[in-house]
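Some notes on the structure that comes next.
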Amino acid sequence: MLTHSGKLKSRDWKLTRRPRQITHHVWKVYNTESMYPAYYARYYCFRRDEIRRDLAALRLVNKAFCGSASRWLFMHIIAFSSSHTTKTPPLTRLLRISQSPNAVYVRQIDFGFTSLDESYIKDLSANLSYLLAKFPNLAALEFDGPPSLLLRAQKRIYMDTVASVLHNVQLPNLKELEIRFSFPWDFARFLPERPSPSHIPLGDVMRRLRHLELCLDADLEGVKVCNGRLDPPTFPDDTSTSSQFFRMTESAYNLESLAIQSWNIVELDRLALPASLRLRSVRLLGVSISFSILLRLVGLESEGCNLFMVKLKSGTWPQVFLHLRKLPRLVDFYLDYCGYSLPCSHLGQGLPVDSEHGLENTAANFSDDSSLALLLKHVNSNRIARGLQPFDDTEYRSMPERHMAWQHLGI
């Protein structure tokens, strides 16, 4: 109820806010990671399907809940290719949203494949740039990789369509970008040798990003275990065809979060890093990297560091752990399947093995183990100081043991 001054009475003001508070609470509870991270690289994505179900139900309560729940329900749109049983094609649904009042709520849209639907690629090629321009507050885009069974010509059309979005669509609010292609050279289409004068410079797009994820999902040969050694294949080091992949980050001065993921080992030392880069979150999977480059990625501002199947080309893992223990804000750390690349593989091989436990029983490995354990204690101490729930003791106790096992396997 309005008073004579035109203001809402306190009780009525609280009642009008309640639907918004409840719907926000639903979104926040379901969207919290189980491991309680301190820094979310992704601001808009739904991590749980239950949130959509509950928000959709809240829209049916009354008009107030409908408006409040719509704000969250339409924040993240998934427009993957649909099976033949789906009534409404994903891009038709996206078009309808773009023409509705809910278009202003859309912050993130994901594109990808749940089926080999050539009509989906055709529709994307014809309409994607037009559709994305209809969402004024779009802040995050995610493009899944084309399926391996898709015809090569269809893959090219899809990847060219993704590149055309960054070249031709003005997206002034874009802050988060994830792209999954098969090979490093697939990213050459983002940085052509002779760009069109009408193209938006890629640097203009990258400078606005807060989060970037680049993923290489080709399976060259599959990860093999040979003579007790885990041996993921390595991409051929062809500078002439893959240099554009490593240049994708050269203008990303304002990144807070960077993820590089590959199911085949990719050499990361040629990654173009801005001198001013200050990352808060780093996630690496399937890379070979020098100690000095890793230290440039994980600096004093880092709050999260996740390393999976990372091969160290120089330095040692105890040196890495010692560096990470100096980071005052590090509250999220995970390591698995990490070891050394071939040039320095002697650091983790050729040592006596404890046959009873299958782990290398040496002073060097004791240092490796204890330095990792000290790092994990440091991370949990930082979490407690920040008022965050510490990581589970069981998970953290097993991490040094797993790390030593991977060293024994010669990863």
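First residue of the sequence shown? That's 1 in the UniProt record's numbering, and the numbers climb one at a time after it. In this text, a Cβ means the ideal position worked out from N, Cα and C, and glycines have one as well.
Can you list, in chain order, the residues of its chain with a C-beta nearer than 6 Å to that of residue i? Leave out the 5 residues immediately preceding and following it.
i	result
L375	F321, L324, R325
A259	E213, R283
I78	D110
H76	Y44, C45, F46, Q108
E256	R210, R280
E250	A272
Y120	S81
Q244	F187, A188, L191
R71	Y105
Y158	I121, P146
I293	D269
Would you mind giving the Cβ-Cβ distance between residue i and residue j, rounded to the nearest angstrom? I have them listed as a contact below 8 Å.
i	j	result
Q154	E118	6 Å
L166	F190	6 Å
V331	R270	Not really, about 30 Å apart at Cβ, beyond 8 Å.
V266	L216	6 Å
Q261	F291	Not a contact, Cβ separation roughly 21 Å.
N137	V106	7 Å
L91	D123	5 Å
To the nearest angstrom, report how far apart residue i and residue j are at their CA atoms.
i	j	result
L300	S281	11 Å
F246	P197	23 Å
P172	V205	8 Å
L273	T88	43 Å
P101	A133	15 Å
L268	R96	42 Å
L150	L141	22 Å
A139	W185	26 Å
S381	L372	14 Å
R207	N168	16 Å
A218	R156	15 Å
F181	D392	35 Å
L335	L94	39 Å
P328	L277	18 Å
S125	M399	45 Å
residue 414	F308	Since the first residue of the chain shown is 1 and the last is 411, residue 414 is not available in this structure.
I179	H199	19 Å
F143	S302	26 Å
P195	E176	24 Å
For residue i, count neighbouring C-beta atoms within 10 Å of its own C-beta (all shown protein chains included) and say buried if the count is 16 or more, exposed if not.
i	result
A275	exposed
G145	buried
L73	buried
Q99	exposed
D160	exposed
A252	buried
S370	exposed
N264	buried
Y130	exposed
I384	exposed
Q170	exposed
A188	buried
A163	buried
V104	exposed
residue 419	Since the first residue shown for the chain is 1 and the last is 411, residue 419 is missing from the structure and cannot be characterised.
Would DSSP call residue i helix, strand or coil?
i	result
A188	helix
S345	Low confidence applies to S345: its pLDDT is 47, below 50, so where it sits in the model is not reliable enough to give any reading.
K122	helix
D117	coil
Q261	strand
N137	coil
Y334	strand
I179	strand
Q170	coil
M399	helix
H378	helix
Y340	strand
L268	coil
S100	coil
M309	strand
L202	helix
Q389	coil
D160	helix
R329	coil
S371	helix
Taking 7 Å as the cut-off, is the CB of residue i close to at least one heavy atom of the ligand GTP?
i	result
P197	Questions concerning the ligand GTP fall outside what the structure shown contains, since it holds no ligand whatsoever.
Please list, in chain order, all residues of the same chain as residue i whose beta carbon is under 7 Å from its beta carbon, the five residues on each side excluded.
i	result
V310	L284, V287, I289, C338
T114	F80, S81, S82, S83
S341	S288, K311, L312, K313
L295	H323
Apart from the five residues just before and just after residue i, which ones in its own chain have a Cβ nearer than 8 Å to its Cβ?
i	result
F333	G304, C305, N306, L324, L375, L376, V379
P147	F113, L116
N254	R207, R208, L209, R210
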